[in-house]
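Colleague: Here this note's numbering is used: the first residue of the sequence shown is 1, the next is one more, and so on.
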Amino acid sequence: MSLAAMRADLPLADQLPDPVADVLSHSAARLNQATRGRPAQEALRYAIEEAFLGRIALVSSFGAEAGVLLKLVADINPHTPVVFLETGKHFAQTLSYRRQLSQMLGLKNVIDIVPNADELRMSDPRGDLWRSSPDACCSIRKVHPLKAALGAYDAWITGRKQFHGGARVDIPMFEAAPPHIKVNPLASWTPSQVQDFMRRNDLPPHPLVSQGYPSIGCWPCTHPAGPGEDPRAGRWRGLAKTECGIHEA
Numbered sequence: 001m002s003l004a005a006m007r008a009d010l011p012l013a014d015q016l017p018d019p020v021a022d023v024l025s026h027s028a029a030r031l032n033q034a035t036r037g038r039p040a041q042e043a044l045r046y047a048i049e050e051a052f053l054g055r056i057a058l059v060s061s062f063g064a065e066a067g068v069l070l071k072l073v074a075d076i077n078p079h080t081p082v083v084f085l086e087t088g089k090h091f092a093q094t095l096s097y098r099r100q101l102s103q104m105l106g107l108k109n110v111i112d113i114v115p116n117a118d119e120l121r122m123s124d125p126r127g128d129l130w131r132s133s134p135d136a137c138c139s140i141r142k143v144h145p146l147k148a149a150l151g152a153y154d155a156w157i158t159g160r161k162q163f164h165g166g167a168r169v170d171i172p173m174f175e176a177a178p179p180h181i182k183v184n185p186l187a188s189w190t191p192s193q194v195q196d197f198m199r200r201n202d203l204p205p206h207p208l209v210s211q212g213y214p215s216i217g218c219w220p221c222t223h224p225a226g227p228g229e230d231p232r233a234g235r236w237r238g239l240a241k242t243e244c245g246i247h248e249a
């Protein structure tokens, strides 16, 4: 049953504090139960080919670990939409890596999503908003464009993993994120599983990994991480900020 159909069966909105969130929470719980114990690729196949057929997209940063999930999705259906937030602030190496992986894996539907031009002119005319307000910069360049892009889907796939730490330590395979379900196929994977998969499938590493970048975002706010540091320690280094906001909305 689609989310739209489930919503149609709900009582009127004034009879529940948040009927959509309630439906999504129950849906995520059922999906977690249905896929409990299944390998990541089986759970992902279930999401793409059954639970959300034609209504699901992968959101990828084409970062340090992105090749794993992109490979899994390409093997299931290379026509699955892959949403790439082209913030205008990516490392040149990331854009090159995006082209390399897309061609290598035969991805047929990679979609570049760009910030709203009027919003950029009004709020970041010099392109340096990241200096004074990184939260606002992320909102304009990532959160707002992604929200608009995901309007056509009921679910989206992320590459988040529990070992990233912070707010990610307890993420499940499926989670309610109104108005969507988020699918986290690699939630319980370890760093060694990620690296083993990359090696077994001859997936090229992101060019910046060898330079000490275990997590890669926009260039102004991404730095290398030191030995023993959290993989995301180089993101917004020196700030309390740990997430861009797309997983907090």
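Yeah, the Cβ is synthetic: ideal placement off N, Cα and C, and Gly gets one too. This one's a predicted model, so the numbers in the text were calculated from it and none came from an experiment.
Residues in the same chain with beta-carbon distance under 8 Å from L239, minus the five sequence neighbours each way, listed in chain order, please.
Modeller: Residue numbering aside, residue 239 sits at position 239 when the sequence shown is read from its first letter. Excluding sequence neighbours, L239 sits near P134.
Colleague: I need the straight-line Cα distance from A51 to E65, nearest angstrom please.
Modeller: By 1-based counting over the sequence shown, the position of residue 51 is 51. By 1-based counting over the sequence shown, the position of residue 65 is 65. Looking at the two C-alpha atoms, the distance is approximately 25 Å.
Colleague: Whole beta strand (DSSP E) runs in the stretch 157-205 with 3 or more residues, listed along the chain?
Modeller: Runs found: 174-177, 180-183.
Colleague: Going by C-alpha to C-alpha distance, which of H223, S123, A176 sits closest to P115?
Modeller: On the sequence shown, residue 115 is found 115 positions in, with the first residue counted as 1. Nearest of H223, S123, A176 to P115, Cα basis: S123.
Colleague: In whole angstroms, what is the alpha-carbon distance linking T222 and P125?
Modeller: Counting from 1 along the sequence shown, the entry for residue 222 is found at position 222. Counting from 1 along the sequence shown, the entry for residue 125 is found at position 125. Cα to Cα, T222 sits roughly 22 Å from P125.
Colleague: Could you say which of K89, S27, G159 lies nearest to L69 if we only look at CA atoms?
Modeller: As a working mapping, residue 69 is identified with position 69 in the sequence shown. When each option's Cα is compared against that of L69, the closest is G159.
Colleague: Grab me the residues of A40's own chain with a C-beta within less than 8 Å of its C-beta, minus the 5 sequence neighbours each way, in chain order.
Modeller: Sequence index remark: in the sequence shown, residue 40 carries index 40 (1-based). L72, P185, L186, W189.
Colleague: Here's the rule: buried if 16 or more other CB atoms are within 10 angstroms of the residue's CB, otherwise exposed. What is R232?
Modeller: Sequence index remark: in the sequence shown, residue 232 carries index 232 (1-based). So R232 ends up on the buried side.
Colleague: Should D128 go down as buried or exposed, given a rule of 16 or more other Cβ atoms within 10 Å for buried?
Modeller: The residue labelled residue 128 in the question sits at position 128 within the sequence shown. It is exposed - the Cβ of D128 has fewer than 16 other Cβ atoms within 10 Å.
Colleague: Short check: CB of K142 to CB of I246, under 8 Å?
Modeller: Position 142 of the sequence shown, counted from the first residue, corresponds to residue 142. Position 246 of the sequence shown, counted from the first residue, corresponds to residue 246. Yes, Cβ-Cβ distance for K142 and I246 is below 8 Å.
Colleague: State the start and end residues of the unbroken alpha helix (DSSP H) segment that holds V68.
Modeller: Here residue 68 corresponds to residue number 68 of the sequence shown, with the count starting at 1. 66-76 is the extent of the alpha helix (DSSP H) around V68.
Colleague: Return the residue from the list V83, R30, S210 that minimises the CA-CA distance to I56.
Modeller: Counting from one through the sequence shown, the residue named residue 56 turns up at place 56. Selected option, being the one with the closest Cα: V83.
Colleague: What runs of the alpha helix (DSSP H), each 4 residues or longer, lie entirely inside the stretch 73-156?
Modeller: Listed in chain order, they are 92-105, 117-123, 129-132, 134-138, 144-149.
Colleague: Look up L58 in the DSSP assignment and give the residues it is bridged to.
Modeller: Here the question's residue 58 lines up with position 58 in the sequence shown. In DSSP, L58 forms a bridge with V82, I157.
Colleague: From F163, C218, W130, P204, pick the residue whose C-alpha is nearest to that of G228; which is it?
Modeller: Here residue 228 corresponds to residue number 228 of the sequence shown, with the count starting at 1. It is F163 whose Cα lies nearest to the Cα of G228.
Colleague: In three-state terms, what does DSSP make of C221?
Modeller: If you number the sequence shown from 1, residue 221 lands on position 221. In the structure shown, C221 sits in a helix (DSSP, three-state: H, G or I).
Colleague: On the three-state DSSP scale, how would you describe R235?
Modeller: Numbered from its first residue, the sequence shown carries residue 235 at position 235. Strand.
Colleague: Using 8 Å as the threshold, is the C-beta distance between F62 and L24 below it?
Modeller: Here residue 62 corresponds to residue number 62 of the sequence shown, with the count starting at 1. Here residue 24 corresponds to residue number 24 of the sequence shown, with the count starting at 1. No; because the gap between Cβ atoms is not below 8 Å, this pair is not in contact.
Colleague: Output the distance between the C-alpha atoms of L16 and L208, rounded to the nearest integer angstrom.
Modeller: Within the sequence shown, numbered from 1, the residue matching residue 16 stands at position 16. Within the sequence shown, numbered from 1, the residue matching residue 208 stands at position 208. With a pLDDT of 44 at L16, under the threshold of 50, the modelled position of this residue cannot be trusted; read the value that follows with caution. The straight-line gap from Cα to Cα measures roughly 48 Å.
Colleague: Please state the DSSP three-state secondary structure of A28.
Modeller: Counted from its first residue, the sequence shown places residue 28 at position 28. Of the three classes helix, strand and coil, the one that applies to A28 here is helix, per DSSP.
Colleague: How would you write the range of the alpha helix (DSSP H) that Y46 sits in, first residue to last?
Modeller: The residue labelled residue 46 in the question sits at position 46 within the sequence shown. 40-46 is the extent of the alpha helix (DSSP H) around Y46.
Colleague: Just mark V169 as buried or exposed, buried being the case when its beta carbon has 16 or more other beta carbons within 10 Å.
Modeller: Taking the first residue of the sequence shown as 1, we reach residue 169 at position 169. Looking at its Cβ environment, which holds fewer than 16 other Cβ atoms inside 10 Å, V169 is exposed.
Colleague: Is S210 helix, strand or coil when you go by DSSP?
Modeller: The sequence position of residue 210 within the sequence shown is 210, counting from 1. In the structure shown, S210 sits in a helix (DSSP, three-state: H, G or I).
Colleague: Is DSSP giving D230 helix, strand or coil here?
Modeller: Within the sequence shown, residue 230 is the residue found at index 230, counting from 1. In the structure shown, D230 sits in coil (DSSP, three-state: anything other than H, G, I, E or B).
Colleague: When you compare only the Cα positions, how much space is there between V59 and W219?
Modeller: The residue labelled residue 59 in the question sits at position 59 within the sequence shown. The residue labelled residue 219 in the question sits at position 219 within the sequence shown. In a straight line, the C-alpha of V59 is about 19 Å away from that of W219.
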